[in-house]
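Engineer:
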Amino acid sequence: MLDYDPFDYALHDDPYATYRRLRDEAPVFHNRKFDFWALSRYDDCLAAVRNFGVFSSAQGTTLEPIKAEVPTLINADPPIHTKMRHLIAGMFTPAKVAVLEESVRELARELLAPHRDSGRIDIITDFAAKLPMAIICRLLGFPKADEDMLRGLTDAVVHRDEGVFEMPDEGMHASYALYGYFAEDMKRRAGAAPRDDIIATLMAAEAAGDLTHEEVLGYIFILSIAGNETTTKLIGNMIYQLHRHPDQLAILRAEPDLLPSAIEETMRFDGPTQMMARTTTRDVDLHGRTIPAGAKVALLFTCANRDDRKYDRAEIYDVRRNPRDHLGFGGGLHACLGAALARLEARVAMEELLAMMGRFAVDESALQRMHSPQVRGFTHVPVEFGGAA
Amino acid sequence: MPKITYVQQDGVAVTADALPLMTLMETALMGGVDGIVGTCGGICSCATCHVWVDGEWADRLAPPGAEEADMIEGLAHRRPESRLGCQVPVNEALDGLVVRVPPAE
Chain B
1 MLDYDPFDYA LHDDPYATYR RLRDEAPVFH NRKFDFWALS RYDDCLAAVR NFGVFSSAQG
61 TTLEPIKAEV PTLINADPPI HTKMRHLIAG MFTPAKVAVL EESVRELARE LLAPHRDSGR
121 IDIITDFAAK LPMAIICRLL GFPKADEDML RGLTDAVVHR DEGVFEMPDE GMHASYALYG
181 YFAEDMKRRA GAAPRDDIIA TLMAAEAAGD LTHEEVLGYI FILSIAGNET TTKLIGNMIY
241 QLHRHPDQLA ILRAEPDLLP SAIEETMRFD GPTQMMARTT TRDVDLHGRT IPAGAKVALL
301 FTCANRDDRK YDRAEIYDVR RNPRDHLGFG GGLHACLGAA LARLEARVAM EELLAMMGRF
361 AVDESALQRM HSPQVRGFTH VPVEFGGAA
Chain R
1 MPKITYVQQD GVAVTADALP LMTLMETALM GGVDGIVGTC GGICSCATCH VWVDGEWADR
61 LAPPGAEEAD MIEGLAHRRP ESRLGCQVPV NEALDGLVVR VPPAE
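Protein chains in written order, with full-length UniProt numbering: chain B, 1 to 389; chain R, 1 to 105.
1. Among residues of its own chain, excluding the 5 on either side of B:D8, which ones have a beta-carbon nearer than 8 angstroms to its beta-carbon?
2. Pick out whichever of B:K130, B:P168, B:L217, B:A298 has its Cα sitting closest to the Cα of B:E229.
3. Quick one: what's got a C-beta closer than 6 angstroms to B:A205's C-beta in the same chain, skipping five residues either side?
4. Measuring CB to CB, does B:Y240 end up less than 9 angstroms from B:D270?
5. Relative to the C-alpha of B:M167, which candidate in B:H371, B:D185, B:M238, B:L139 has its C-alpha closest?
6. Any beta-carbon of chain B closer than 9 angstroms to the one on R:E26?
7. Does the pairing of the segment 100 to 117 of chain B with the segment 19 to 27 of chain R give three or more beta-carbon distances under 8 angstroms?
8. Could you pull the DSSP bridge partners for B:D197 from this structure?
9. Which value, in whole angstroms, describes the spacing of the CA atoms of B:D325 and B:V375?
10. Output, in sequence order along the chain, the residues in the segment 49 to 69 of chain B whose CB is closer than 8 angstroms to any CB in chain R.
11. Closer than 7 angstroms by C-beta to B:G53: which residues in its own chain qualify, once you throw out the five before and the five after it? Chain order, please.
12. Between B:R306 and chain R, is the shortest Cβ-Cβ distance under 9 angstroms, so that the two count as touching?
13. Could you spell out where the alpha helix (DSSP H) holding B:T212 opens and where it closes?
14. Compare the beta carbon distance of B:L252 and B:L354 with 9 angstroms and say whether it is the shorter of the two.
15. Name the chain R residues that come within less than 8 angstroms of B:L333, Cβ to Cβ?
16. Examine chain B for any beta-carbon lying closer than 9 angstroms to the beta-carbon of R:E73, and answer yes or no.
17. Would you call the CB atoms of B:H243 and B:D44 closer than 9 angstroms?
18. Just the Cα atoms here: how many angstroms apart are R:L94 and R:H77?
19. Using CA atoms only, rank isn't needed, just tell me which of B:F378, B:T379, B:A349 is closest to B:A108.
20. Cβ of B:K310 less than 9 angstroms from any chain R Cβ?
21. Would you mind working out which of B:R343, B:A208, B:G332, B:H334 sits nearest B:N322, comparing C-alpha positions?
22. Output yes if chain R places a C-beta closer than 9 angstroms to the C-beta of B:C137; else output no.
23. If you pair each beta-carbon of the segment 54 to 68 of chain R with each one of the segment 70 to 77 of chain B, do three or more pairs fall below 8 angstroms?
24. Who pairs with B:I263 in a beta bridge, going by DSSP?
25. Could you check if B:A346 is buried or exposed, using at least 16 other CB atoms within 10 Å of its CB as the buried criterion?
26. Give the residues of chain R in contact with B:F92, contact being defined as C-beta atoms less than 7 angstroms apart.
27. Can you look up R:V12 in the DSSP assignment and give me helix, strand or coil?
28. If you follow the beta strand (DSSP E) that B:P79 is part of, which residue opens it and which one closes it?
29. Given a threshold of 16 other Cβ atoms within 10 Å of its Cβ, counted over all protein chains shown, does residue 128 of chain R qualify as buried or as exposed?
30. What does a CB cutoff of less than 6 angstroms around B:A174 pick up in its chain, not counting 5 residues either side in sequence?
31. I need the boundaries of the alpha helix (DSSP H) containing B:E170, first residue and last residue.
32. Quick one: is B:T280 near chain R, going by C-beta distance under 9 angstroms?
33. Since B:H86 meets chain R, which of its residues come closer than 7 angstroms, beta carbon to beta carbon?
34. Taking CB distances under 9 angstroms as the criterion, tell me whether B:R41 reaches chain R.
35. Check B:L344 in the structure and name its three-state DSSP category.
36. Find out if the Cβ-Cβ distance for the pair B:T123, B:V383 is shorter than 9 angstroms.
Written out as structure tokens, the structure is:
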């Protein structure tokens with residue numbers, strides 16, 4: 001029987017066969033056990049992210065209930081969302097994040113240096129897990145010494161225990177610890193010279209009465225989570241896909257200008273954000289079924305990205321494809337605010353990795369996966385490298 | 001709330017109410033305007049919110065910034081009156097604005 005259960009660890013190993021059946025056999029799928037619905041075709045997911053009046057984010061974007069009840073950017077509809085997003089959206093345009101390239105490259109080289117001569121590296125723990133958090137700490141003005149601690153907490157927030165339809169206690173404790181850390185940071189800033197960064201902008205909005213204190217904390221929470229996990233997993237997934245597709249790696253080596261296209265293709269083919277949820281505000285009739293008002297609906301972005309109604313040879317990894325309209329970053333008003341930063345980090349990370357490694361092979365027997373209903377990627381990607389590519 | 005009218009490629013004119021602080025792109029999504037996708041959510045990196053703003057209205061808008069101009073430069077259907085909807089904030093002075101939706105790229 002066809003089932004889609006994002007809390008089942010077995011699905012995390014390879015969701016794509018299930019996804020194909022959902023698109024073909026049950027484009028409006030109902031999971032009875034957890035009582036949620038799932039949309040899997042590209043056109044349906046795109047229509048849903050654009051139609052926020054019917055597919056609302058205000059009840060959260062996870063299937064399971066939210067435990068830390070603080071208003072955040074991703075869990076809001078217009079006009080609240082509009083107000084929050086416009087506060088800092090201008091800081092995340094491609095031109096604005098482009099100035100970070102040198103910092104990203106410096107950090108990447110610093111992280112790779114100890115491994116350069118060893119011929120071995122764990123792409124995740126030695127590199128990809130550290131780079132995005134270092135950048136987000138720099139953007140938010142947190143001390144370098146706190147990076148590892150903050151990353152541990154944000155990892156705990158997204159982890160889900162097998163078969164359990166809610167955030168584990170560890171995740172809740174980690175959420176509170178993060179909120180406590182952010183509140184302390186704001187207190188420290190209150191007595192010091194003003195800085196020119198994201199948190200300063202949010203604090204100014206609080207002072208002007210545009211955001212509550214809780215909303216500022218929630219905002220920083222979302223930025224610290226979103227900036228960390230997903231970019232880490234993108235880099236890991238991309239190394240894995242290039243390892244599995246040596247022909248595509250050879251094309252990329254021969255034509256390095258294809259790297260941005262290859263990153264888009266990785267986002268489409270095996271992007272870290274598999275799914276985001278919405279809640280219906282009225283009955284929705286689609287493909288002969290009725291999703292009732294007030295229902296949770298999973299939008300399966302990475303499944304939609306492999307819809308052959310949308311893309312030719314959709315299940316083929318093709319670094320020349322450059323699919324700029326994939327749903328790997330979502331779409332509509334909630335499309336990933338940090339997409340330009342993620343693209344920059346992924347490009348620099350891949351440039352530095354490919355330059356350092358030459359020929360490389362992933363030790364598939366030692367791969368380990370994270371478990372989350374929404375984020376797909378590895379916790380360990382051990383690689384051996386050396387020799388001319 | 002300012003009303004904005006979008007003339008789609010099929011000739012149908014869709015009028016949408018802007019909420020406070022919204023841009024032309026966000027208002028179009030409010031109204032379900034065909035042809036304005038907003039893939040990137042307004043970070044000026046996809047150009048799927050391209051609109052044509054005719055002369056007299058165009059003069060009432062702040063001119064495009066460098067980033068917007070660069071994105072428009074790459075569009076096949078660009079015209080002197082091209083704008084990216086995500087970079088144009090809506091305010092009361094734009095009540096009644098009519099824009100046209102160009103063909104898909």
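Backbone N, C-alpha and C define an ideal beta-carbon position, used for all residues, glycine too.
Structural biologist: Considering the structure as presented:
1. Position 8 of the first sequence, counted from the start, is the residue given in the question as residue 8 of chain B. Closer than 8 angstroms at Cβ, skipping near neighbours: E162, G163.
2. Your numbering for residue 229 of chain B matches position 229 in the first sequence. The candidate whose alpha carbon is nearest that of B:E229 is B:K130.
3. Counting from one through the first sequence, the residue named residue 205 of chain B turns up at place 205. Excluding residues within five positions, the ones whose Cβ falls inside 6 angstroms are L87, L211.
4. Translated into the one-based positions of the first sequence, residue 240 of chain B becomes position 240. Translated into the one-based positions of the first sequence, residue 270 of chain B becomes position 270. The answer is yes: Cβ separation under 9 angstroms.
5. The residue given as residue 167 of chain B occupies position 167 in the first sequence. For the residues B:H371, B:D185, B:M238, B:L139, the minimum Cα distance to B:M167 belongs to B:H371.
6. Within the second sequence, residue 26 of chain R is the residue found at index 26, counting from 1. Yes, because at least one Cβ of chain B sits closer than 9 angstroms to the Cβ of R:E26.
7. no
8. Translated into positions along the first sequence, residue 197 of chain B becomes position 197. Answer is none; B:D197 lacks a bridge partner.
9. Position 325 of the first sequence, counted from the first residue, corresponds to residue 325 of chain B. Position 375 of the first sequence, counted from the first residue, corresponds to residue 375 of chain B. Rounded to the nearest angstrom, the two C-alpha atoms are 20 angstroms apart.
10. For the segment 49 to 69 of chain B, the beta-carbon criterion of a distance under 8 angstroms to any beta-carbon of chain R is satisfied by R50, N51, F52, G53.
11. Numbered from 1 along the first sequence, position 53 holds the residue referred to as residue 53 of chain B. If we look at B:G53 and ignore the five residues flanking it on each side, its Cβ neighbours are T281.
12. Here the question's residue 306 of chain B lines up with position 306 in the first sequence. So, not an interface residue.
13. Here residue 212 of chain B refers to the residue found at position 212 of the first sequence. Run containing B:T212: none; DSSP gives neither H nor E here.
14. Stepping through the first sequence from its first residue, residue 252 of chain B is reached at position 252. Stepping through the first sequence from its first residue, residue 354 of chain B is reached at position 354. Cβ atoms of B:L252 and B:L354: closer than 9 angstroms.
15. The residue given as residue 333 of chain B occupies position 333 in the first sequence. Those are E26, L29, G38, G41, G42, listed as they occur along chain R.
16. As a working mapping, residue 73 of chain R is identified with position 73 in the second sequence. Judged by the 9 angstroms Cβ criterion, R:E73 is not in contact with chain B.
17. Counted from its first residue, the first sequence places residue 243 of chain B at position 243. Counted from its first residue, the first sequence places residue 44 of chain B at position 44. Not closer than 9 angstroms, so no.
18. Here residue 94 of chain R refers to the residue found at position 94 of the second sequence. Here residue 77 of chain R refers to the residue found at position 77 of the second sequence. Looking at the two C-alpha atoms, the distance is approximately 24 angstroms.
19. Counting from one through the first sequence, the residue named residue 108 of chain B turns up at place 108. B:A108 has its Cα closest to that of B:A349, out of B:F378, B:T379, B:A349.
20. Taking the first sequence and counting its residues from 1, the one referred to as residue 310 of chain B is at position 310. Judged by the 9 angstroms Cβ criterion, B:K310 is not in contact with chain R.
21. To locate residue 322 of chain B, count along the first sequence from 1; it is residue 322. Residue B:R343 is the option with its Cα nearest to B:N322.
22. By 1-based counting over the first sequence, the position of residue 137 of chain B is 137. Look at B:C137: its C-beta is not under 9 angstroms from any C-beta on chain R.
23. no
24. The sequence position of residue 263 of chain B within the first sequence is 263, counting from 1. According to DSSP, which records beta bridges pairwise, B:I263 is partnered with nothing at all.
25. Position 346 of the first sequence, counted from the start, is the residue given in the question as residue 346 of chain B. B:A346 comes out buried.
26. Residue numbering aside, residue 92 of chain B sits at position 92 when the first sequence is read from its first letter. In chain order: I43.
27. If you number the second sequence from 1, residue 12 of chain R lands on position 12. Here R:V12 sits in coil by DSSP.
28. Here residue 79 of chain B refers to the residue found at position 79 when the first sequence is read from its first residue. From DSSP, B:P79 is part of no beta strand (DSSP E); its letter is neither H nor E.
29. Absent from the structure is residue 128 of chain R, since the part of chain R shown begins at 1 and ends at 105.
30. Along the first sequence, read from residue 1 onward, the residue named residue 174 of chain B stands at position 174. Once the five neighbours on either side are set aside, the close Cβ partners of B:A174 are L153, A156, V157.
31. Along the first sequence, one-based indexing puts residue 170 of chain B at 170. Note, B:E170: alpha helix (DSSP H), 169 to 190.
32. Locating residue 280 of chain B in the first sequence gives position 280, counting from the first residue. False, the Cβ-Cβ gap to chain R never drops below 9 angstroms.
33. Mapped onto the first sequence, residue 86 of chain B falls at position 86. Near B:H86 (Cβ distances below 7 angstroms), the residues of chain R are L21.
34. Here the question's residue 41 of chain B lines up with position 41 in the first sequence. No - not a single Cβ of chain R is within 9 angstroms of the one on B:R41.
35. Working through the first sequence from its first residue, we reach residue 344 of chain B at position 344. Looking at B:L344 - three-state DSSP - the assignment turns out to be helix.
36. If you number the first sequence from 1, residue 123 of chain B lands on position 123. If you number the first sequence from 1, residue 383 of chain B lands on position 383. Reading off the sequence, residue 123 of chain B comes out as Ile, not Thr. It is a contact, given that the beta carbons lie within the stated cut-off.
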